[in-house]
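Student: The structure that follows is given in the form of structure tokens.
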Amino acid sequence: MAKRTFSNLETFLIFLLVMMTAITVALLSLLFITSGTIENHKDSGGHLFSTTPNPPATQGSTVTQSSTATQRSTATQSSTATQTSPVTSTPEPPLFQNFSGYYIGVGRADCTGQVADINLMGYSKSGQNAQGILTRLYSRAFIMAEPDGSNRTVFVSIDIGMVSQRLRLEVLNRLQSKYGSLYRRDNVILSGTHTHSGPAGYFQYTVFVIASEGFSNRTFQHMVTGILKSIDIAHTNMKPGKIFINKGNVDGVQINRSPYSYLQNPQSERARYSSNTDKEMVVLKMVDLNGDDLGLISWFAIHPVSMNNSNHLVNSDNVGYASYLLEQEKNKGYLPGQSNMCIAKGPGQDMFDSTQIIGRAMYQRAKELYASASQEVTGPLASAHQWVDMTNVTVWLNSTHTAKTCKPALGYSFAAGTIDGVGGLNFTQGKTEGDPFWDTIRDQILGTPSEEIKECHKPKPILLHTGELSKPHPWHPDIVDVQIITLGSLAITAIPGEFTTMSGRRLREAVQAEFASHGMQNMTVVISGLCNVYTHYITTYEEYQAQRYEAASTIYGPHTLSAYIQLFRNLAKAIATDTVANLSRGPEPPFFQQLMVPLIPNIVDRAPIGRTFGDVLQPAKPEYRVGEVAEVIFVGANPKNSAQNETHQTFLTVEKYEATSTSWQIVCNDASWETRFYWHKGLLGLSNATVEWHIPDTAQPGIYRIRYFGHNRKQDILKPAVILSFEGTSPAFEVVTT
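What follows is the structure, encoded as structure tokens:
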């Protein structure tokens, strides 16, 4: 039989089709996961909580949050925030002139956004779309001001993967419209907790838009609104108080996911530390002048990837669980959020169990450090900020030699991923040479990288020369934020990416030394990662040579860390010498329009024939014991509609019948850890919703029911679509003790 041959044109067309398919799959498989060292899987984060024994007019709520700090120090922060309707006026609270301490305001607001039909941000795994909710996501804001109001700083920790530049620019613009020059680019830090289980779709640079499978204005606006509301609440509820600091180690919850890279650092440097992870937790305790709790912020290096890349439920992961425990303890008797005031295997039997184990360990240590905190933070507040073109920073290696940063590029090992979530293609870590096959595909589709960019990034073999790609918009940011805020002897460095353990240690020591050289001795320097704009990882020069995942993701080249150290030392010097006003503003970053729309379209919701939305398809069993799972299935509608129409503030409630008042009392909602809301997408707009209640040991015996709250999309011919609310209620069931 004659062998089939192909013409040159046919061969080219087949090759082009294969290349286009492969590059699309490759881009959608790229991972933006953990920070340099897994320290159990996240950078620095923050928990925050606050309580108000005598609640103000607005409803107070405790906020615990955790935010990644890429030094491999994640801060878990918890703060009580008050929840209320959006502030429509901004009265300046009266400031006291004669007290020792600070004016302190804390606030928390929901920023959950879409919980269906949107990619989860972190693993960048194609097909890992949200299909329900385990816990709500919150923005937690802390405002600290000097007693006369002359200086103030704002730290906001947000339960999202990372802060995007677009998000920060929009928040700053709206703050300026509302507050004038009170809250600015230099004194407001936005920090992501780095959960890998929050919605994507809020970025403007092409690599992240592709990874998000489009830009979701619905989610973006919900996040912006939540962040602003948390700041509004904190602003409204400022009161005189004091801040105390404490430090202590947390053991048994971290690993370094790239010990080989860590070992590339000089042995003399490594010998100074007892571990290849950063175990120290730093806690800020905030109280009023009577000593009553206001809030807590903690920084600790851990990666929130206990919920692995098989997860489809929106949640705040291990740092969020630590915040949840703190908030529940400080606001007993209130529902979560309504109070008055990866592939890597975790330690548990499943990812839910691992999340609880790690979160509880952080919660317990933060609680202990908070209780014993006695060193008061005193002194003036200050802030310094610059926008910097990170593609063109001259780095002084010594007094005579310089180097430069590079235009952004991602190496081959970037596509390999790491133990938290391996890549979907046949890439391996540690590659210092390119591959002719993938190089050819890249060159044909995206063009050939310049010799300049290839030379600058050595020994990184360039997979994607993102700094030379500008269609439809630049693929990576050129302009990034560098920022420090100080509260007396505490300096918070806002890092626009994720540091490895040793990178964080070097930056902390350099900034501390800079402060000391100008008379500010014994400064505590914390690294808060994933702030203001996301730029992947930052490794040491030595770690960069090994070209594992983190090094391949160090997008500005081998001298990126040295450049950041130089830039942050400059900010520290400006604060210490009171010359912040002389700092150049730097080139303002862009704000792009007309971003790629989500790949998943909006469609009309439909109920089965003879059914309506909220009807019970499968009721709970008549009786359960504590420890069992009560489950109800309802006729559902797409949960993403609820991010547009906020008639209901929860997707579910579990309610107990109280005979004395003949009424149903809510015992938990969709922010409670023991509930899970699953959405099952069918064909042609049909869907089901499953509500699970994992009955805790603390549940009281009695009669219960489960309610479901949703919104359906309706569109009549020649009319615009409308979003309608509905409810569903299960038959009652009984919970008995063992």
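Heads up: the sequence shown begins at 4 in the numbering used here, then just goes up one per residue.
Glycine included, each C-beta is placed from N, C-alpha and C at the ideal position.
No experiment lies behind these values; they were computed from the predicted model shown.
Identify, in the order they occur along the chain, each residue of the same chain with its Cβ nearer than 6 Å to the Cβ of PRO452, setting aside the five sequence neighbours on each side.
Tutor: On the sequence shown, residue 452 is found 449 positions in, with the first residue counted as 1. Excluding sequence neighbours, PRO452 sits near ILE465 and HIS468.
Student: Would you call VAL739 buried or exposed, if buried means 16 or more other Cβ atoms sit within 10 Å of its Cβ?
Tutor: Within the sequence shown, numbered from 1, the residue matching residue 739 stands at position 736. Flag for VAL739 reads exposed.
Student: For GLN447, does the three-state DSSP call read helix, strand or coil?
Tutor: One-based indexing of the sequence shown puts residue 447 at position 444. In the structure shown, GLN447 sits in a helix (DSSP, three-state: H, G or I).
Student: DSSP state of GLY731, grouped into three classes?
Tutor: Translated into the one-based positions of the sequence shown, residue 731 becomes position 728. Of the three classes helix, strand and coil, the one that applies to GLY731 here is strand, per DSSP.
Student: Mind checking which residues open and close the beta strand (DSSP E) that includes ASN249?
Tutor: In the sequence shown, residue 249 corresponds to position 246, counting from 1. Start and end: 242 to 252.
Student: Identify which residue in VAL607, SER184 and VAL514 has its Cα closest to the Cα of ILE488.
Tutor: Locating residue 488 in the sequence shown gives position 485, where the first residue counts as 1. Looking at the Cα atoms, VAL514 is the closest of the given residues.
Student: GLN257: buried (16+ other C-beta within 10 angstroms of its C-beta) or exposed?
Tutor: To locate residue 257, count along the sequence shown from 1; it is residue 254. Per the 10 Å Cβ criterion, buried.
Student: Exposed or buried, which one is ARG588 when buried takes at least 16 other CB atoms within 10 Å?
Tutor: Residue mapping note: residue 588 aligns to position 585 of the sequence shown, counting from 1. That one is exposed.
Student: Just to confirm my understanding: we take ILE726, look at its own chain, exclude 5 residues before and 5 after, and list those with CB closer than 7 Å. What are they?
Tutor: As a working note, residue 726 is residue 723 in the sequence shown. Excluding positions up to five away in sequence, the list reads ASN644, GLN647, ASN648, HIS714 and ARG716.
Student: Mind reading off the beta-carbon distance from TYR265 to ASN279? Whole number of angstroms is fine, and I expect it under 8 Å.
Tutor: For the purposes of this step, residue 265 is taken as the residue at position 262 of the sequence shown. For the purposes of this step, residue 279 is taken as the residue at position 276 of the sequence shown. Contact flag correct, Cβ pair sits at about 5 Å.
Student: Rounded C-beta distance between GLN668 and GLU658? I'm assuming under 8 Å.
Tutor: Locating residue 668 in the sequence shown gives position 665, where the first residue counts as 1. Locating residue 658 in the sequence shown gives position 655, where the first residue counts as 1. That pair is a contact at about 6 Å.
Student: Short of 6 Å in beta carbon distance, which residues of its chain neighbour ASP673, apart from the five on each side in sequence? Order them along the chain.
Tutor: As a working mapping, residue 673 is identified with position 670 in the sequence shown. So the list reads ILE136, THR653, PHE654, LEU655 and PHE680, once near-sequence residues are dropped.
Student: Please state whether the Cβ-Cβ distance between THR408 and MET393 is less than 7 Å.
Tutor: For the purposes of this step, residue 408 is identified with residue 405 of the sequence shown, where counting begins at 1. For the purposes of this step, residue 393 is identified with residue 390 of the sequence shown, where counting begins at 1. Taking 7 Å as the Cβ cut-off, THR408 and MET393 qualify as a contacting pair.
Student: In the DSSP assignment, find the unbroken alpha helix (DSSP H) run with VAL227 in it and report its ends.
Tutor: Reading the sequence shown from its first residue, position 224 is the one you call residue 227. Here the alpha helix (DSSP H) through VAL227 covers 220 to 239.
Student: Mind checking whether SER301 and VAL290 have CB atoms under 7 Å apart?
Tutor: The residue labelled residue 301 in the question sits at position 298 within the sequence shown. The residue labelled residue 290 in the question sits at position 287 within the sequence shown. Not closer than 7 Å, so no.
Student: For ASN321, tell me which candidate among PHE729, GLY201, GLU371 and LYS410 has the shortest Cα-Cα distance.
Tutor: On the sequence shown, position 318 is the one that residue 321 refers to. Taking only the C-alpha atoms, the option nearest ASN321 is GLY201.
Student: Since LYS474 is in the alpha helix (DSSP H), which residue starts that stretch and which ends it?
Tutor: Position 471 of the sequence shown, counting from 1, holds the residue named residue 474. Unbroken run through LYS474: none, as it is neither H nor E.
Student: Using CA atoms only, rank isn't needed, just tell me which of VAL485, GLU454 and ILE248 is closest to LEU372.
Tutor: Numbered from its first residue, the sequence shown carries residue 372 at position 369. Cα-wise, what sits closest to LEU372 is ILE248.
Student: Say whether the stretch 481 to 499 touches the stretch 438 to 445, bearing in mind that this needs 3 or more beta-carbon pairs closer than 8 Å, one atom from each stretch.
Tutor: Touching, no.
Student: Please confirm whether GLU546 and GLN117 have their CB atoms less than 7 Å apart.
Tutor: The count along the sequence shown starts at 1 and reaches residue 546 at position 543. The count along the sequence shown starts at 1 and reaches residue 117 at position 114. In this structure, GLN117 does not lie closer than 7 Å to GLU546 by Cβ.
Student: PRO561: buried (16+ other C-beta within 10 angstroms of its C-beta) or exposed?
Tutor: Residue mapping note: residue 561 aligns to position 558 of the sequence shown, counting from 1. When all chains shown are included, PRO561 counts as buried.
Student: Can you have a look at LYS128 and say buried or exposed, based on whether 16 or more other CB atoms are within 10 angstroms of its CB?
Tutor: By 1-based counting over the sequence shown, the position of residue 128 is 125. So LYS128 ends up on the buried side.
Student: Count the other CB atoms within 10 Å of the CB of SER326; is the residue buried (16 or more) or exposed (fewer)?
Tutor: The sequence position of residue 326 within the sequence shown is 323, counting from 1. Buried, by the Cβ-count rule.
Student: Judging by CA-CA distance, which residue of PRO699, THR650 and GLU737 is the nearest neighbour of TYR711?
Tutor: Translated into the one-based positions of the sequence shown, residue 711 becomes position 708. Of the candidates PRO699, THR650 and GLU737, the one whose C-alpha sits nearest the C-alpha of TYR711 is THR650.
Student: Count the other C-beta atoms from every protein chain shown that fall within 10 angstroms of the C-beta of ASN190, then say buried if there are 16 or more, exposed otherwise.
Tutor: Looking up residue 190 in the sequence shown gives position 187. Looking at its Cβ environment, which holds 16 or more other Cβ atoms inside 10 Å, ASN190 is buried.
Student: Can you tell me the Cβ-Cβ gap for PHE736 and GLU626, rounded? I've got them flagged as a contact below 8 Å.
Tutor: Translated into positions along the sequence shown, residue 736 becomes position 733. Translated into positions along the sequence shown, residue 626 becomes position 623. Yes, PHE736 and GLU626 are in contact; Cβ-Cβ is about 7 Å, under 8 Å.
Student: Could you compute how far the alpha carbon of ALA387 sits from the alpha carbon of GLN703?
Tutor: Position 384 of the sequence shown holds residue 387. Position 700 of the sequence shown holds residue 703. One C-alpha to the other measures close to 53 Å.
Student: Can you grab the Cα-Cα spacing for the pair VAL391 / ILE146, in whole Å?
Tutor: Numbered from its first residue, the sequence shown carries residue 391 at position 388. Numbered from its first residue, the sequence shown carries residue 146 at position 143. Those two C-alpha atoms are separated by around 26 Å.
Student: State the DSSP-derived secondary structure class of ASN318, mapped to helix, strand or coil.
Tutor: As a position in the sequence shown, residue 318 is number 315, starting the count at 1. In this structure, ASN318 counts as coil in the three-state DSSP scheme.
Student: Taking GLY104 as the reference, give the member of GLY130, ALA112, LEU123 and ASN154 with the closest Cα.
Tutor: For the purposes of this step, residue 104 is identified with residue 101 of the sequence shown, where counting begins at 1. If we check each option's Cα against that of GLY104, ASN154 comes out closest.
Student: Do TYR559 and GLU501 count as a contact pair if the criterion is CB distance below 7 Å?
Tutor: Numbered from 1 along the sequence shown, position 498 holds the residue referred to as residue 501. Numbered from 1 along the sequence shown, position 556 holds the residue referred to as residue 559. Cβ atoms of GLU501 and TYR559: not closer than 7 Å.
Student: Out of ASN535, ALA494 and ALA237, point me to the one whose CA is closest to THR381's CA.
Tutor: What you label residue 381 is simply residue 378 of the sequence shown in a count that begins at 1. The shortest C-alpha separation from THR381 is found at ALA494.
Student: DSSP three-state label for SER520, please.
Tutor: The sequence position of residue 520 within the sequence shown is 517, counting from 1. Correct three-state label for SER520: helix.
Student: Report buried or exposed for HIS683, applying the criterion of at least 16 other Cβ atoms within 10 angstroms of its Cβ.
Tutor: Your numbering for residue 683 matches position 680 in the sequence shown. Exposed.
Student: Should LEU472 be labelled buried (16 or more other beta-carbon atoms within 10 Å of its own) or exposed?
Tutor: As a first step, residue 472 is located in the sequence shown; it is residue number 469 there, counting from the start. Buried, since its Cβ has 16 or more Cβ neighbours within 10 Å.
Student: Taking one C-beta from the stretch 574 to 592 and one from the stretch 514 to 534 each time, how about it: are there three or more such pairs within less than 8 Å?
Tutor: Yes, the stretch 574 to 592 touches the stretch 514 to 534.
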